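Peer 1: Numbering (the working numbering), first residue to last: 802 to 1079. We put the CB at the ideal spot given by N, CA and C, even for glycine. Note that the structure is a prediction, hence the values are computed from the model and not measured. Have a look at the structure that comes next, please.
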Ligand SMILES: C[S@@+](CC[C@H](N)C(=O)[O-])C[C@H]1O[C@@H](n2cnc3c(N)ncnc32)[C@H](O)[C@@H]1O
C-alpha cells in the first residue's frame, strides 16, 4: 500500500450535513488515495456528504481529481422532496471550498449523460432513486462511460424495505463476468464493482484495512447524528454534548489505531521489499 493510500486512513471530514452515507466516508477517502482518479461522477448528491468526501480526500491527498455531482436537487420518492435550501448549502460549500475540483450539475441523470463520453469516468457513484428499475436504468446508461480499470459504487445495497431494489441489482451484477466485486454490508450497504482491468490486489488491500475504516465510519455516523448543525470539533450547544464529546474521543482513539495500522503496514511493506532485494 503506498504512502497516499495509508495517509487516507487518518483523514477526518470537514463538511457536515445529514446523510445515510457517513459510515462509508472513510471508504471514499481510501478509494481516492488508492485510485487517484481523474474523474469522479456521482449520481445523487443531495446534501453532498459523499460528494464532498471525495473532494476533501482529493484535496488532502493532493490527487489530480475532478468531481461532478449530478442531482435535480428536488428529491425523489425515497429521499423525499425538499426545498431550495439544500442546493444553496451544497452550492455554497462547493464555491467556498472546492471551486477548482468540483462542479454541480443540476439536471436529471439522463440529461446529464449526453455530456459525458464513453470510457471517461474513473469512479462512478450511483446513489439516485433506489427502486430496482431506476438503479438498473442508471447503471445501464452510465456504465459504458466507465474507463477500463474504473470502479462503480452502489449505495444502499443492503436496504430491504420501502421499495428499495439495489440489493437485487447487486446480486445480479456480482455474478457478472468482467467485474470484481466487494460487498460492504454495514450502514445501508455499499457495493464496490471494479472493472476487470483493475488489479485485483487493491481489493485485498481494502479488506486489510476494512475493520478500521468500518469502525471509523460508524463513529462518524454517530457524531453526525449528535452534532446536526455543528462543524467537526466545534463546541456542541445541544443537550447531547457530553455524548458527542465522548464519541469524538473514541474517534480520535480510532484514528490513532489507523495510524498504528498505517505504520505496521509500512513496516511490512519495507520488510517485503528487503526480502525481494536479497
Ligand atoms: C439518496 S439521495 C443522495 C444521497 C447522497 N449521495 C449523500 O451523500 O447523502 C438521492 C438524490 O438523487 C436525486 N435524484 C434521484 N433521481 C434523480 C434523477 N433521475 N435525476 C436527478 N436527480 C435524481 C434526488 O434529488 C436526491 O437528492
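1. Could you tell me the distance, in whole angstroms, from the CA atom of residue 924 to the CA atom of residue 868?
2. Could you name the residues, in chain order, whose CB is less than 5 Å away from a heavy atom belonging to ligand 1?
3. Figure out for me which residue from 900, 804 and 825 has the closest Cα to the Cα of residue 957.
4. Quick one: grab the DSSP three-state call for residue 915.
5. Are the beta-carbon atoms belonging to residue 859 and residue 828 less than 8 Å from one another?
6. Would you mind working out which of 816, 993 and 803 sits nearest residue 981, comparing C-alpha positions?
7. In the structure shown, what three-state DSSP assignment does residue 803 receive?
8. Do you know offhand how far residue 943's Cα is from residue 878's?
9. Quick one, are the C-beta atoms of residue 854 and residue 830 less than 8 Å apart?
10. Tell me the DSSP secondary structure of residue 883 in three-state form.
11. When the distance is taken between beta carbons, is residue 896 closer than 8 Å to residue 918?
12. Determine the DSSP secondary structure at residue 1007, reduced to helix, strand or coil.
13. Which value, in whole angstroms, describes the spacing of the CA atoms of residue 908 and residue 1065?
14. Evaluate residue 885 with the Cβ neighbour count: other Cβ atoms within 10 Å of its Cβ, from every protein chain shown; 16 or more gives buried, anything less gives exposed.
15. Can you round the beta-carbon distance between residue 851 and residue 874 to whole angstroms, since I take them to be within the 8 Å contact cut?
16. With DSSP run on the structure shown, which of helix, strand or coil describes residue 992?
17. Hey, how far is the Cα of residue 881 from the Cα of residue 951?
18. Measure the alpha-carbon distance for residue 1049 versus residue 1027 and round it to whole angstroms.
19. If we call anything under 8 Å between Cβ atoms a contact, is residue 1017 one with residue 1059?
20. Give me the Cα-Cα distance between residue 915 and residue 812, rounded to the nearest whole angstrom.
21. Need the endpoints of the alpha helix (DSSP H) that residue 937 sits in, please.
22. How is the alpha helix (DSSP H) around residue 856 delimited, first residue to last?
23. If residue 906 sits next to residue 876, beta carbons under 8 Å apart, how far is it from one beta carbon to the other, in whole angstroms?
Peer 2: Taking the geometry as given:
1. Reading the chain shown from its first residue, position 123 is the one you call residue 924. Reading the chain shown from its first residue, position 67 is the one you call residue 868. Cα to Cα, the separation comes out at about 9 Å.
2. 820, 822, 845, 847, 850, 851, 872, 873, 876, 877, 880, 909, 910, 928, 929 and 930
3. Here residue 957 is taken as the residue at index 156 of the chain shown, counted from 1. Nearest option by C-alpha distance: 825.
4. Position 114 of the chain shown, counted from the first residue, corresponds to residue 915. In the structure shown, residue 915 sits in coil (DSSP, three-state: anything other than H, G, I, E or B).
5. Locating residue 859 in the chain shown gives position 58, counting from the first residue. Locating residue 828 in the chain shown gives position 27, counting from the first residue. Contact flag unset, no.
6. Within the chain shown, the letter at position 180 stands for residue 981. Checking every option, the nearest Cα to that of residue 981 belongs to 993.
7. Sequence index remark: in the chain shown, residue 803 carries index 2 (1-based). Residue 803 falls in the coil class under three-state DSSP.
8. Counting from 1 along the chain shown, the entry for residue 943 is found at position 142. Counting from 1 along the chain shown, the entry for residue 878 is found at position 77. In a straight line, the C-alpha of residue 943 is about 21 Å away from that of residue 878.
9. Residue 854 sits at position 53 when you count from the first residue of the chain shown. Residue 830 sits at position 29 when you count from the first residue of the chain shown. Contact: yes.
10. As a position in the chain shown, residue 883 is number 82, starting the count at 1. Three-state DSSP puts residue 883 in coil, outside helix and strand.
11. Taking the first residue of the chain shown as position 1, residue 918 is located at position 117. Taking the first residue of the chain shown as position 1, residue 896 is located at position 95. Contact flag unset, no.
12. Within the chain shown, residue 1007 is the residue found at index 206, counting from 1. If DSSP states are grouped into helix, strand and coil, residue 1007 belongs with the helices.
13. Reading the chain shown from its first residue, position 107 is the one you call residue 908. Reading the chain shown from its first residue, position 264 is the one you call residue 1065. Whole-angstrom Cα-Cα distance: 46 Å.
14. In the chain shown, residue 885 corresponds to position 84, counting from 1. The residue in question, residue 885, is exposed, as its Cβ has fewer than 16 Cβ neighbours within 10 Å.
15. For the purposes of this step, residue 851 is identified with residue 50 of the chain shown, where counting begins at 1. For the purposes of this step, residue 874 is identified with residue 73 of the chain shown, where counting begins at 1. So it is not a contact: roughly 15 Å between Cβ atoms.
16. The residue given as residue 992 occupies position 191 in the chain shown. Three-state result, residue 992: strand.
17. As a working mapping, residue 881 is identified with position 80 in the chain shown. As a working mapping, residue 951 is identified with position 150 in the chain shown. Spanning the two alpha carbons is a distance of roughly 31 Å.
18. Counting from one through the chain shown, the residue named residue 1049 turns up at place 248. Counting from one through the chain shown, the residue named residue 1027 turns up at place 226. Cα to Cα, residue 1049 sits roughly 10 Å from residue 1027.
19. Counting from one through the chain shown, the residue named residue 1017 turns up at place 216. Counting from one through the chain shown, the residue named residue 1059 turns up at place 258. Yes, Cβ-Cβ distance for residue 1017 and residue 1059 is below 8 Å.
20. Locating residue 915 in the chain shown gives position 114, where the first residue counts as 1. Locating residue 812 in the chain shown gives position 11, where the first residue counts as 1. In a straight line, the C-alpha of residue 915 is about 35 Å away from that of residue 812.
21. Translated into the one-based positions of the chain shown, residue 937 becomes position 136. Residues 933 to 943.
22. Here residue 856 refers to the residue found at position 55 of the chain shown. Element bounds for residue 856: 850 to 862.
23. Looking up residue 906 in the chain shown gives position 105. Looking up residue 876 in the chain shown gives position 75. No, residue 906 and residue 876 are not in contact; Cβ-Cβ is about 16 Å, not under 8 Å.
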